[in-house]
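A short write-up of the structure that comes next.
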Amino acid sequence: MSVVVTSPWLGRAFVAALAVHGAIVAVLAGAATWVARFGVGADSAPGGVGPALIALPVLLAALPSGVALLSAWMCRRQGWRPSATHMALTIGAAALFPILYLGAL
Numbered sequence: 000m001s002v003v004v005t006s007p008w009l010g011r012a013f014v015a016a017l018a019v020h021g022a023i024v025a026v027l028a029g030a031a032t033w034v035a036r037f038g039v040g041a042d043s044a045p046g047g048v049g050p051a052l053i054a055l056p057v058l059l060a061a062l063p064s065g066v067a068l069l070s071a072w073m074c075r076r077q078g079w080r081p082s083a084t085h086m087a088l089t090i091g092a093a094a095l096f097p098i099l100y101l102g103a104l
């Protein structure tokens, strides 16, 4: 492995980026749920289904982030040494989030 891959700062940078991404996903999920409570865009849905239909794209898009955050936690337990699996999950989560979120709109 190269010096860059074994750097403890690389692991910390991944975790920081994932934390920011997680906060954005949480805000989007909260906003989707808040909008859904007022029935905006879900007038034709039966009662109780509207919030789930509106929040579903955000929650679906958050799944890869959850996997990447789990990977970051595992990386931290190894002393901040990112493994190839951790890097692949992180990059995959970053790529899948806009694809799933924008595709579900």
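Here the sequence shown is numbered in numbering that gives the first Met the number 0, starting from 0 and rising by one per residue. The C-beta atom is built at its ideal place from N, Cα and C for all residues, glycine as well.
Which listed residue (the options) has its alpha carbon closest to that of residue i
i: Gly21; options: Leu68, Met73, Gly91; result: Leu68
i: Val14; options: Leu95, Ile98, Arg76; result: Arg76
i: Ala12; options: Met86, Leu95, Ile98, Ala94; result: Met86
Residues near residue i by beta carbon distance below 7 Å, same chain, minus five either side
i: Leu95; result: Pro63
i: Gly91; result: Pro63
Closer than 8 Å to chain B by CB, residue i
i: Ala15; result: Looking for chain B here will not work: only one protein chain is present.
Nonlocal neighbours in the same chain, by C-beta distance under 6 Å from residue i, ignoring five residues either side
i: Trp33; result: none
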